[in-house]
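S.K.:
In our numbering, the protein residues as written are 18 to 515.
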């Protein structure tokens, strides 16, 4: 008779415990153990046959005697182009035969659409196996019709049994395979539900073994959790060769594809796409698309208070983005600090520096920062622009719309140098901006007529340069008389960039 028992499995490392633990005793992660139900059954002829079949799918060629490195046969270095130039660049030149790529992203972000476009392009020279675990074959056909790929050599397989999928994959001697998704397939020998830690781990291992046995490039789709991390055990990312993260706001057009891990290329690449009714299209000039109306006011009028333009790096690309800030008074004991598209911890750090080193009192104000375009930015080169947006919103002043801010802010208020400073300046000049406020650099920056480069040492100096009459406005707003006797924040100093 079947017996059911519970086990708690760590999603990070796969450690199993008989009871719940707040902290995994193996990897030390907090709150990562989830409950799984395991049904123990008496062995039967059917289960034994399935176990033997599963064992046969693991390639025997992987077991053998050790070989000298010089005697190992070199594999063909030719890659399979995906037909999407930007995606090939992120992959390092295309798909490597026998490699396994994990593509992860939020629901509705465009993962299946991207892979159907890849399947359409590759099918001109290779057969493509598309395992649709989340959709029926007819549903995939409807999507393919919209993308104009009905006549392509793409074979749809709507199975969920990972043993059947691995068996089909092992017989797939050429082309590429796509599994959509790893959370929807399962091994019937395991009693846990599809998508559980053990199912994802074992299913991925079987698919990877079968793909490498026949040297077939395989792309696996993975789900993400509510905090943006890849769902399932952390070991999944270690098992595959390439991990791609697909990001963006579903309410907007832009999508960013980043390489988080790449055994065959650089992780410093990123591709930017725009979603349309014809699928995903590469964006040649994303900065112009992201800045929008900001470019139209260059040289015509002042920018609104609480806004600034930053130059951030996405792989080898430089993006110019608008950052908006709103400083609003509050009666709450703990003011809010909200960052949309900007790291919350970094926002707290910038606010603290502005209060301590510049003298802008934010202790009685809610603070909201938004990166226009719906993108997630983690480049510290945007610190100076965020500080300028906060300062102009607090003081109700504006900066010249032709100014770009570049620089990382340290805890002592200094503006630190960033990588690729010359490339960031060139991109700003190309788009029609007339001034860049940058950290003082030991490198000699190229200067051209019509474009001013202002080098600064501190955030105080940068703000005094960018905002007209800032010293008088700051002293007026934050003087004891203006505060009606209220004492400034402890440690804050009067604004004086000199």
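Where a beta carbon is used, it is the ideal one built from N, C-alpha and C, also for glycine.
None of the values given here were measured: they were computed from a predicted structure.
Would you list, in sequence order, the uninterrupted alpha helix (DSSP H) runs of no fewer than 4 residues that lie entirely inside the region 349-400?
M.R.: List check, alpha helix (DSSP H) in window: 361-370.
S.K.: Are the Cβ atoms of residue 34 and residue 44 separated by less than 9 angstroms?
M.R.: No, the Cβ-Cβ distance between residue 34 and residue 44 is not below 9 angstroms.
S.K.: Taking C-beta to C-beta, are residue 379 and residue 407 nearer than 9 angstroms?
M.R.: Going by C-beta atoms, residue 379 is nearer than 9 angstroms to residue 407.
S.K.: Between residue 148 and residue 178, which are expected to be in contact by the criterion C-beta below 8 angstroms, what is the C-beta distance as a whole number of angstroms?
M.R.: Incorrect: roughly 11 angstroms between the Cβ atoms, too far for contact.
S.K.: Got a sec, what are the start and stop residues for the beta strand (DSSP E) residue 275 sits in?
M.R.: From DSSP, the beta strand (DSSP E) with residue 275 extends over 271-279.
S.K.: Helix, strand or coil for residue 30, going by three-state DSSP, please let me know.
M.R.: Coil at residue 30, not helix or strand.
S.K.: Buried or exposed: where does residue 345 fall if 16 or more other Cβ atoms within 10 Å of its Cβ makes it buried?
M.R.: Classification of residue 345: exposed, given that the 10 Å Cβ count is below 16.
S.K.: Starting from the Cα of residue 305, find the closest Cα among 51, 248, 395 and 446 and give me that residue.
M.R.: Taking only the C-alpha atoms, the option nearest residue 305 is 446.
S.K.: By how many angstroms is the C-alpha of residue 351 removed from the C-alpha of residue 263?
M.R.: Answer to the nearest angstrom: the Cα atoms are 35 angstroms apart.
S.K.: Under a three-way DSSP split, which group does residue 25 fall into?
M.R.: Residue 25: strand per DSSP, three-state reduction.
S.K.: The alpha helix (DSSP H) spanning residue 234 covers which residue range?
M.R.: Taken as a continuous stretch (DSSP letters only), residue 234 belongs to no alpha helix (DSSP H), being part of the beta strand (DSSP E) at 234-239.
S.K.: What number of angstroms, rounded off, separates the C-alpha of residue 294 from the C-alpha of residue 152?
M.R.: When rounded, the distance between both Cα atoms is 20 angstroms.
S.K.: DSSP three-state label for residue 437, please.
M.R.: In the structure shown, residue 437 sits in coil (DSSP, three-state: anything other than H, G, I, E or B).
S.K.: Within 10 angstroms of the Cβ of residue 130, are there 16 or more other Cβ atoms? Answer buried if so, exposed if not.
M.R.: Buried.
S.K.: At a cut of 8 angstroms, does the region 382-396 reach the region 413-423 through at least three beta carbon pairs?
M.R.: No contact exists between the region 382-396 and the region 413-423.
S.K.: Please name the residue in 364, 480, 99 and 143 whose C-alpha comes closest to that of residue 383.
M.R.: Residue 383 has its Cα closest to that of 364, out of 364, 480, 99 and 143.
S.K.: If residue 140 sits next to residue 171, beta carbons under 8 angstroms apart, how far is it from one beta carbon to the other, in whole angstroms?
M.R.: Sure, about 5 angstroms apart at Cβ, within 8 angstroms.
S.K.: Considering only the beta carbon of each residue, do residue 409 and residue 335 sit closer than 9 angstroms?
M.R.: Not closer than 9 angstroms, so no.
S.K.: State the Cα-Cα distance for the pair residue 107 and residue 154, rounded to the nearest angstrom.
M.R.: One C-alpha to the other measures close to 30 angstroms.
S.K.: Should the region 162-170 be regarded as contacting the region 200-214, the criterion being three or more beta carbon pairs within less than 8 angstroms?
M.R.: They do not touch, by the three-pair rule.
S.K.: In three-state DSSP terms, what is residue 505?
M.R.: For residue 505, the predicted structure reports a pLDDT of 43, less than 50, and the residue's modelled location is therefore unreliable. A value from the coordinates is still provided. Coil.
S.K.: From 86, 102 and 441, pick the residue whose C-alpha is nearest to that of residue 463; which is it?
M.R.: Ranking the options by Cα distance to residue 463, first place goes to 441.
S.K.: Between which two residues does the alpha helix (DSSP H) carrying residue 226 extend?
M.R.: Residue 226 -> alpha helix (DSSP H) spans 214-230.
S.K.: Which residues in the same chain have their Cβ closer than 7 angstroms to the Cβ of residue 323, if we skip the five residues on either side of it in sequence?
M.R.: Same-chain partners within the cutoff: 341, 342, 343, 406, 409 and 410.
S.K.: Counting C-beta neighbours from all protein chains within 10 Å, is the total for residue 134 16 or more, i.e. buried, or is it exposed?
M.R.: Answer is buried; the Cβ neighbour count reaches 16.
S.K.: Could you check whether the Cβ of residue 476 sits closer than 9 angstroms to any Cβ belonging to chain C?
M.R.: In summary, chain C is missing from the structure at hand, where a single protein chain is found.
S.K.: Please check the pair residue 132 and residue 236, which I expect to be a contact at CB under 8 angstroms, by giving their CB distance rounded to whole angstroms.
M.R.: That pair is a contact at about 6 angstroms.
S.K.: What would DSSP say about residue 299, mapped onto helix, strand or coil?
M.R.: The answer is strand: DSSP assigns residue 299 an E or B state.
S.K.: Just to confirm the assignment, what range does the beta strand (DSSP E) spanning residue 452 have?
M.R.: Its beta strand (DSSP E) spans residues 452-456.
S.K.: Going by DSSP, what residues sit across from residue 341 in a beta bridge?
M.R.: DSSP lists 324 and 387 as partners of residue 341.
S.K.: Buried or exposed: which applies to residue 359, given that a residue is buried once 16 or more other Cβ atoms fall within 10 Å of its Cβ?
M.R.: So residue 359 counts as buried.
S.K.: Does the Cβ of residue 240 have 16 or more other Cβ atoms within 10 Å, making it buried, or fewer, making it exposed?
M.R.: Buried, by the Cβ-count rule.
S.K.: Quick check on residue 51: buried or exposed, where buried means 16 or more other Cβ atoms within 10 Å of its Cβ?
M.R.: Under this definition residue 51 is an exposed residue.
S.K.: Check whether the region 182-191 touches the region 219-229, taking contact to mean three or more Cβ pairs, one atom from each stretch, closer than 8 angstroms.
M.R.: Enough Cβ pairs lie closer than 8 angstroms, so yes.
S.K.: Looking only at its own chain, which residues have a Cβ that is under 7 angstroms from the Cβ of residue 36, when we skip the five neighbours before and after it?
M.R.: Excluding sequence neighbours, residue 36 sits near 25.
S.K.: Report all residues from its chain with a CB closer than 6 angstroms to the CB of residue 119; omit the five preceding and five following residues, and keep chain order.
M.R.: So the list reads 237, 239, 257 and 260, once near-sequence residues are dropped.
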